[in-house]
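What follows is a set of notes on a single structure, which appears directly below.
Protein chains in written order, with my numbering: chain A, 131 to 483; chain B, 131 to 483.
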């Protein structure tokens, strides 16, 4: 079978991309595993970080890693008595608990792993899903609604957003919390999916990004949300959001969002930024407004099985035409370098297998 | 009776202090109210902000406000059938719910008031407790253990700290949470009381402040906690705290604390800083570490009845000699200007009535 592989850490920034399509032996499912025909892989910023040599670890003893963590496939074989059957659409979970395990991993909360010894398919020490065939433990496979074949790769990014909203709910519940207005910063896939989940919760939803026109503002409006391209501080001051889902990772946006919520505001940070970006802020005002308003800022990464289940349900309940807007390009495996090169109107690019 | 009053907002920064001891009519308790002989008032930064003209509001129709929110008194008369009796030690709660009320105030969570229309005794539109006699509704009076006459003024600042720990508990409970190490930044009254509550929870407690010697480091060590006077970034990197209670309000400390927790770290900000303090930070690294570690920063202010009850219990369970270390000076009412002038070894100054 063919697979998209990379040698993590082989290049520094700006060097050539050590990524290629390799011919690998077909996998054999072990006990309790599904054999899956890969349909496609969504590409995200983490893949670009790995390819750029800034992140990622090959499996122990190997020099190359199969990429791909936004998976979708069709079951070819399932263990007898499992909840899966041939023909089912499935997505594979990315993270596995650390082997110690830490207290969080021992309780299935591996998205909150404390010791950093977790593994991740396509990212950290486990081969990913960017191959024509892959296997996955039934415990880490998520059934995807049959009508979502064109957009099922969105389960993984939606799980990240489902976790973010779960964090907002749990932190909000520390006192009375009936949020009305949500502001999402960034109209990429994470931002748009965060807006989708916000609409499904019945919130008044606002999305801010820099672009003035194109598929991102169109997708926001098609969702029934309000699109803003003014500076984020102005937007937040106008909207007075109860909740901000931050999906840019841009320092200015992060701190403007922290400074401009309604009282008891919650900002959930989901964007992974690079270190080294210096920014001068009014630290006194940021701290003062957080304290006097009982505001909270939550960092949120990854997702556990509960969040994958919530993601699959959210996508099943969404409008399929709207979800299809989010997949802006489909590129066959052999033209992977096209898929990895961002284009201006990209939302989510899927590499088809 | 004599009372310490101020004309809020009468001066700008650096002007003379419009505070004085006034002779006012004795108060009469209304239905459901206690009449209390004031024993003393703790002085805190908020009092200095009010006196400096930066904060505070007189009652409607009045130009002057009776100061004092860290109260302690002895009941002179109590309504028949109430839970209080003549001779009881009591502290008065500071905040009252807004009259609308907002959803939080309607549920007794007035520390989380959303519309800002709450009132506060000695701070916002209600006379405070800095008078020889005062009244208080039995619903907003907190019984103080009889042996705490010398330190009962600490109930109010302890309620602020009890709320902070309550926030940490509730936010921590969003996933598995068994914190081991707490770092408290600042060894003033709030920091020391936060350390006391941390010790009562069985945590490994570290306190950081700038002073090298004197009553603050001594009080930390007497509590069985470790004292640090190195730069906060170095201390946090060494301690790797699961929880940080930030009690300085100093921007550098706030952001160094945010950047240096253990994974799933929680920073609770309790220090009210002035706006306008510019600081250059590595916004990318701060955001990145918060996201990848699932860290949370909580702003926390004020306290509700639950927190006052927790505070009274925490003080009743504490070592009285240790609590007495925190009251570094007792100054009679007529020498209020001495009480308001900070001295190097001050922890908490109490104005005796």
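Heads up, the beta-carbon is just placed ideally off N, CA and C, and yes, glycines get one too. Note that the structure is predicted; figures quoted are calculated from it, not measured.
message: Give me the DSSP bridge partner(s) of residue 266 of chain A.
response: Here residue 266 of chain A is taken as the residue at index 136 of the first chain, counted from 1. Checking the DSSP bridge columns, you'll see residue 266 of chain A partnered with A:164.
task: Pick out the complete alpha helix (DSSP H) segments inside the stretch 167 to 245 of chain A, 4 residues or longer, and give them in chain order.
output: You should have 175 to 181 and 233 to 236.
message: Would residue 326 of chain B and residue 292 of chain B be called neighbours here (beta carbons separated by less than 8 Å)?
response: If you number the second chain from 1, residue 326 of chain B lands on position 196. If you number the second chain from 1, residue 292 of chain B lands on position 162. Using a Cβ distance threshold of 8 Å, residue 326 of chain B and residue 292 of chain B do not count as a contacting pair.
- request: Quick one: measure Cβ to Cβ for residue 296 of chain B and residue 437 of chain B, integer angstroms, because I've assumed they're closer than 8 Å.
  value: Numbered from its first residue, the second chain carries residue 296 of chain B at position 166. Numbered from its first residue, the second chain carries residue 437 of chain B at position 307. The pair is a contact, with the Cβ atoms about 6 Å apart (cut-off 8 Å).
task: Identify the continuous alpha helix (DSSP H) that holds residue 427 of chain A and give its terminal residues.
output: As a position in the first chain, residue 427 of chain A is number 297, starting the count at 1. No alpha helix (DSSP H) holds residue 427 of chain A; the beta strand (DSSP E) holding it covers 426 to 429.
query: Within the 8 Å Cβ cut-off, does residue 424 of chain B reach chain A?
result: In the second chain, the residue the question calls residue 424 of chain B occupies position 294. At least one chain A Cβ lies under 8 Å of residue 424 of chain B.
message: Residues of chain B with CB closer than 7 Å to the CB of residue 375 of chain A, please, in chain order.
response: On the first chain, residue 375 of chain A is found 245 positions in, with the first residue counted as 1. Listed by position along chain B, the residues whose Cβ is nearer than 7 Å to that of residue 375 of chain A form an empty set, because the closest Cβ is around 12 Å away.
message: Determine, for residue 327 of chain B, whether the minimum Cβ-Cβ distance to residues of chain A falls below 8 Å.
response: As a position in the second chain, residue 327 of chain B is number 197, starting the count at 1. No, because no Cβ of chain A sits closer than 8 Å to the Cβ of residue 327 of chain B.
message: Taking the straight line between their C-alpha atoms, what separation do you get for residue 388 of chain A and residue 373 of chain B?
response: For the purposes of this step, residue 388 of chain A is taken as residue 258 along the first chain, with counting starting at 1. For the purposes of this step, residue 373 of chain B is taken as residue 243 along the second chain, with counting starting at 1. Distance from the CA of residue 388 of chain A to the CA of residue 373 of chain B, rounded to the nearest whole angstrom, comes to 20 Å.
query: DSSP puts residue 357 of chain B in a beta bridge; with which residues?
result: Taking the second chain and counting its residues from 1, the one referred to as residue 357 of chain B is at position 227. B:337, per the DSSP bridge assignment.
query: Excluding sequence positions up to five away, which residues of its chain have a Cβ less than 6 Å from the Cβ of residue 476 of chain A?
result: Residue numbering aside, residue 476 of chain A sits at position 346 when the first chain is read from its first letter. Counting only Cβ-Cβ distances below 6 Å, and skipping sequence neighbours, we find 458.
message: Is residue 393 of chain A close to chain B? Criterion is C-beta to C-beta, closer than 8 Å.
response: Locating residue 393 of chain A in the first chain gives position 263, counting from the first residue. Yes, contact with chain B.
task: Can you give me the start and stop residues for the alpha helix (DSSP H) that residue 342 of chain A sits inside?
output: Here the question's residue 342 of chain A lines up with position 212 in the first chain. For residue 342 of chain A, there is no enclosing alpha helix (DSSP H), as DSSP gives it neither H nor E.
message: Taking 6 Å as the limit between beta carbons, can you name the residues of its chain near residue 469 of chain B, skipping five residues before and five after?
response: Indexing the second chain from 1 puts residue 469 of chain B at position 339. Cβ neighbours of residue 469 of chain B beyond the five flanking positions: 173, 461, 479 and 481.
message: Here's the rule: buried if 16 or more other CB atoms are within 10 angstroms of the residue's CB, otherwise exposed. What is residue 286 of chain B?
response: Taking the first residue of the second chain as position 1, residue 286 of chain B is located at position 156. So residue 286 of chain B counts as buried.
task: Answer with yes or no whether the minimum CB distance from residue 295 of chain A to chain C is below 8 Å.
output: Judged by its chain identifiers, the structure shown contains no chain C, and its protein chains are A and B.
message: For residue 349 of chain B and residue 220 of chain A, I'd like the C-alpha separation in whole angstroms.
response: As a first step, residue 349 of chain B is located in the second chain; it is residue number 219 there, counting from the start. As a first step, residue 220 of chain A is located in the first chain; it is residue number 90 there, counting from the start. Near 59 Å, if we compare the C-alpha coordinates of residue 220 of chain A and residue 349 of chain B.
field: Contacting residues, own chain, Cβ-Cβ under 7 Å from residue 433 of chain A (five flanking each side not counted)
entry: Along the first chain, one-based indexing puts residue 433 of chain A at 303. Answer for residue 433 of chain A: 241, 289, 290, 292 and 293, listed in chain order.
task: Would you check if the distance between the CB atom of residue 443 of chain A and the CB atom of residue 400 of chain A is smaller than 8 Å?
output: By 1-based counting over the first chain, the position of residue 443 of chain A is 313. By 1-based counting over the first chain, the position of residue 400 of chain A is 270. Contact: no.
query: Any contact of the stretch 234 to 250 of chain B with the stretch 402 to 420 of chain B, i.e. 3+ C-beta pairs under 8 Å?
result: Between the stretch 234 to 250 of chain B and the stretch 402 to 420 of chain B there are fewer than three C-beta pairs closer than 8 Å, too few to call the two in contact.
query: Contact check, residue 131 of chain A vs residue 156 of chain A under 8 Å by CB: the rounded distance?
result: Residue numbering aside, residue 131 of chain A sits at position 1 when the first chain is read from its first letter. Residue numbering aside, residue 156 of chain A sits at position 26 when the first chain is read from its first letter. Right, their Cβ atoms sit about 5 Å apart.
- prompt: Going by other Cβ atoms of all chains shown within 10 Å of its Cβ, with 16 needed for buried, is residue 208 of chain B buried or exposed?
  reply: Taking the second chain and counting its residues from 1, one reaches residue 208 of chain B at position 78. Taking every protein chain shown into account, the CB of residue 208 of chain B has 16 or more other CB atoms within 10 angstroms, so this residue is buried.
Beta-carbon neighbours of residue 400 of chain A, restricted to chain B and to distances below 8 Å: Position 270 of the first chain, counted from the start, is the residue given in the question as residue 400 of chain A. Identification of chain B residues near residue 400 of chain A by a Cβ-Cβ cut-off of 8 Å yields 421, ordered along the chain.
message: For a quick check, are the C-beta atoms of residue 362 of chain A and residue 383 of chain A less than 8 Å apart?
response: Residue 362 of chain A sits at position 232 when you count from the first residue of the first chain. Residue 383 of chain A sits at position 253 when you count from the first residue of the first chain. Yes.
- prompt: Based on the DSSP output, what are the partners of residue 478 of chain A in its beta bridges?
  reply: Locating residue 478 of chain A in the first chain gives position 348, where the first residue counts as 1. DSSP links residue 478 of chain A through a beta bridge to A:457.
message: Using only CA atoms, which one of A:445, A:420 and A:379 lies nearest to residue 413 of chain B?
response: Indexing the second chain from 1 puts residue 413 of chain B at position 283. Distances from the alpha-carbon of residue 413 of chain B to those of A:445, A:420 and A:379 put A:379 closest.
query: Which residues of chain A have a Cβ atom closer than 8 Å to the Cβ of residue 250 of chain B, listed in chain order?
result: Within the second chain, the letter at position 120 stands for residue 250 of chain B. Under the 8 Å cutoff, chain A gives no residues; its nearest Cβ is about 12 Å from residue 250 of chain B.
- prompt: Hey, is residue 301 of chain A's beta-carbon within less than 8 Å of any beta-carbon in chain B?
  reply: Mapped onto the first chain, residue 301 of chain A falls at position 171. Yes, contact with chain B.
- request: Assign residue 410 of chain A to one of two classes, buried (16 or more other C-beta atoms within 10 Å of its C-beta) or exposed (fewer than that).
  value: Counted from its first residue, the first chain places residue 410 of chain A at position 280. By the neighbour-count criterion, in which a residue is buried when 16 or more other Cβ atoms sit within 10 angstroms of its Cβ, residue 410 of chain A is exposed.
- prompt: Shorter than 8 Å from the beta carbon of residue 365 of chain B to some beta carbon of chain A?
  reply: The residue labelled residue 365 of chain B in the question sits at position 235 within the second chain. With 8 Å as the cut-off, residue 365 of chain B does not count as an interface residue toward chain A.
- prompt: List, in order along the chain, the chain B residues whose C-beta lies closer than 7 Å to that of residue 414 of chain A?
  reply: Walking along the first chain from the start, residue 414 of chain A turns up at place 284. Per Cβ cutoff of 7 Å: 381, 403, 404, 405, 406 and 407.
- request: Consider the Cβ of residue 149 of chain B: report whether some Cβ of chain A lies at a distance smaller than 8 Å.
  value: For the purposes of this step, residue 149 of chain B is taken as residue 19 along the second chain, with counting starting at 1. With 8 Å as the cut-off, residue 149 of chain B does not count as an interface residue toward chain A.
- request: Specify the secondary structure class of residue 372 of chain B as computed by DSSP and reduced to three states.
  value: Within the second chain, residue 372 of chain B is the residue found at index 242, counting from 1. Looking at residue 372 of chain B - three-state DSSP - the assignment turns out to be coil, as it is neither helix nor strand.
- request: Check each candidate in B:377, B:453, B:439 and B:467 and name the one with the smallest Cα separation from residue 312 of chain B.
  value: Position 182 of the second chain, counting from 1, holds the residue named residue 312 of chain B. Ranking B:377, B:453, B:439 and B:467 by Cα distance to residue 312 of chain B puts B:377 first.
- request: For residue 289 of chain A, decide whether its Cβ has a neighbour in chain B, counting only Cβ atoms nearer than 8 Å.
  value: Translated into positions along the first chain, residue 289 of chain A becomes position 159. No - not a single Cβ of chain B is within 8 Å of the one on residue 289 of chain A.
query: Mind checking if residue 233 of chain A is an interface residue toward chain B, Cβ cutoff 8 Å exclusive?
result: Start at 1 with the first residue of the first chain, and residue 233 of chain A comes out as number 103. Taking 8 Å as the threshold, the shortest C-beta distance from residue 233 of chain A to chain B falls below it.
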